[in-house]
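Under our numbering, think of the first position of the sequence shown as 1, with each following residue one higher.
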Amino acid sequence: MAFCRKCGHKNDADARFCEACGEPQHTEPAATAATAPQPNAQGTLHATSSSASRPSKRLLMMLTAGLVGLVILGAGLAFLLAPERASNESFGKAIDRLLLADPNLLREQYCLQNMNYREDTVLISTADRRTQSWMALLTEAGLYSGPETITTQHGFFTQTRLRFSKTEAGRKATHNNALCIADGLEVAEVLHFTPPQQVGQTEVSLVTVRLALRNPMPWTNTAQARQLERTLENAHSESARNEFILMRQDGKWVQANQSTLAQARTQAREQEQKSERTQEGAGFFANLAALFGFGPSNPILGVWSFEMIPGVSSRFEFDRHTMTTPTGQASVRYEIKDNRVLVYSTEHNQVLLSVRVIDSNNLRAELGGLDIRLTRVR
1 MAFCRKCGHK
11 NDADARFCEA
21 CGEPQHTEPA
31 ATAATAPQPN
41 AQGTLHATSS
51 SASRPSKRLL
61 MMLTAGLVGL
71 VILGAGLAFL
81 LAPERASNES
91 FGKAIDRLLL
101 ADPNLLREQY
111 CLQNMNYRED
121 TVLISTADRR
131 TQSWMALLTE
141 AGLYSGPETI
151 TTQHGFFTQT
161 RLRFSKTEAG
171 RKATHNNALC
181 IADGLEVAEV
191 LHFTPPQQVG
201 QTEVSLVTVR
211 LALRNPMPWT
221 NTAQARQLER
231 TLENAHSESA
241 RNEFILMRQD
251 GKWVQANQST
261 LAQARTQARE
271 QEQKSERTQE
281 GAGFFANLAA
291 LFGFGPSNPI
301 LGVWSFEMIP
311 GVSSRFEFDR
321 HTMTTPTGQA
331 SVRYEIKDNR
341 VLVYSTEHNQ
351 VLLSVRVIDS
361 NNLRAELGGL
371 DIRLTRVR
């Protein structure tokens with residue numbers, strides 16, 4: 001039932017007009033499902049607020065993409081800043097960086113000093129067939145031009161020599177009286193490394209590698225060239241070895257500095273003495289002891305050059321166990337007495353060479369009654 005608002009007559013609930021006075025009856029329309037009120041006003045208000053505050057799908061995708069990007073960036077930075085591991089790859093890259101940063105390091109392994117390259121012209125005797133063959137090879141490679149025949153008269157004697165002139169390409173390849181046959185060296189293979197050991201506050205490893213020429217001149221990789229010059233043969237040899245002592249600094253492997261090397265020598269010496277007492281096997285410090293060669297310092301170890309005839313030089317090379325001369329290689333041991341070093345053949349226990357030390361860069365060697373002056377190459 002519904003009462004008329006004007007006269008108060010009782011009408012049916014669905015009546016549109018009052019039966020007594022005819023006044024229109026204003027009834028509330030039925031609530032539809034779309035506008036149905038919620039159980040209470042608080043619930044309606046809460047639902048509306050939640051709908052308005054819900055983020056859009058696009059915004060959620062953008063936020064997700066941003067978070068993923070930050071995670072990837074963080075992981076990348078962590079990878080870049082992480083300390084380099086002790087691995088063949090890390091050590092190979094470290095030694096390559098070292099060789100690129102210091103071209104003078106091991107330059108003697110890719111720059112030849114088998115003769116005098118300082119001058120722009122080379123004069124050789126027509127009787128010197130070996131040097132003629134070498135100069136013919138360099139001429140074919142475009143480093144020299146010639147030869148021209150030069151004849152000079154000395155009283156009743158006539159001397160005939162061949163003159164070769166250095167080309168512009170030859171001048172570019174010449175550095176400090178040496179002929180460089182490549183741009184430098186690079187790591188061909190990491191053969192071995194010792195597990196990193198603590199030396200003071202620094203981790204150190206001894207790394208053995210095989211090096212190769214970096215961008216070598218094409219003519220160097222020929223049998224004739226390797227036969228004529230031992231340096232070329234060694235450069236292309238699978239058995240050539242080099243050792244580097246590396247330390248970890250600021251997360252990177254670098255060449256060990258002098259203070260670290262000094263500490264390593266001390267620890268290696270102590271370890272060597274301990275090993276002698278306990279008969280322990282070789283390890284990192286034992287390898288270092290062998291590398292440093294403890295005992296009286298041997299002043300002749302290294303590579304030395306001497307002039308065979310004017311303008312043509314050759315060389316001696318002494319390492320811990322071998323002596324290499326223009327005529328071959330021999331296993332040797334050394335006896336050091338004051339400023340003199342005797343070089344013995346380990347096979348025959350005979351003195352092969354007596355060397356007098358003038359200073360750190362000059363020696364006098366007595367060989368078969370000859371007095372030869374040797375100048376240090378490295």
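A virtual CB, placed ideally from N, CA and C, is assigned to each residue, including glycine.
- Here the alpha carbons of V254 and I181 stand approximately 27 Å from one another.
- Residue pairing for P24: DSSP places it in a beta bridge opposite F17.
- Shown here for D96: same chain residues with a beta carbon closer than 7 Å to its own, the five before and five after excluded, namely E186 and V187 in chain order.
- Cβ-Cβ separation between V204 and P195: approximately 10 Å, too far for a contact (criterion under 8 Å).
- Per DSSP, the beta-bridge partners of D371 are E366.
- Excluding sequence positions up to five before and after T222, its CB lies less than 6 Å from no other CB in the same chain.
- Taking R130 as reference, the option from N114, R118, A141 and S145 with the minimal CA-CA separation is N114.
- Relative to the Cα of F244, the nearest Cα in the group N215, R210, T220 and E335 belongs to R210.
- Here the C-alpha atom of R376 lies approximately 16 Å from the C-alpha atom of R340.
- As DSSP reads the structure, C180 sits in a beta bridge with C111.
- Boundaries of the alpha helix (DSSP H) around S133: R129 to E140.
- Between V207 and L246 a beta carbon distance of about 6 Å is seen, short of the 8 Å cut, so the two are scored as contacting.
- Judged by pairs of C-beta atoms under 8 Å, the segment 167-180 touches the segment 92-111, as three or more such pairs exist.
- In the DSSP assignment, E243 falls within the unbroken beta strand (DSSP E) covering N242 to Q249.
- In chain order, V343 and S345 place their CB closer than 6 Å to the CB of L352, counting only its own chain and leaving out the 5 sequence neighbours on each side.
- Taking N361 as reference, the option from G328, V303, N349 and I336 with the minimal CA-CA separation is V303.
- Apart from the 5 residues on each side of it in sequence, R214 sits with its Cβ closer than 7 Å to the Cβ of A182, D183, G184, L185 and E186 in its chain, given in chain order.
- Selection E335, S259, K252 and I124 evaluated against T152 yields I124 as nearest (Cα-Cα).
- Around the CB of T322, fewer than 16 other CB atoms lie within 10 Å, so the residue is classed as exposed.
- Distance from K252 to E84 at the Cβ level is roughly 6 Å; contact confirmed, criterion being Cβ atoms closer than 8 Å.
- For S165, the enclosing beta strand (DSSP E) begins and ends at F157 to K166.
- When only Cα atoms are considered, L138 and F316 end up about 23 Å apart.
- The C-alpha of Y117 is placed about 17 Å away from the C-alpha of R161.
- For G146, the uninterrupted beta strand (DSSP E) run begins and ends at Y144 to H154, by DSSP.
- Residue C21 holds the alpha-carbon nearest to the alpha-carbon of C7 among C21, A13, A15 and F17.
- Classified as buried, T174 has 16 or more neighbouring CB atoms from the shown chains inside 10 Å of its CB.
- Per the C-alpha coordinates, the member of A141, A136, T158 and K172 positioned closest to T220 is A141.
- Under the 10 Å beta carbon count, M62 is surrounded by fewer than 16 other beta carbons and is classified as exposed.
- Bounds of the beta strand (DSSP E) holding R214 are T202 to R214.
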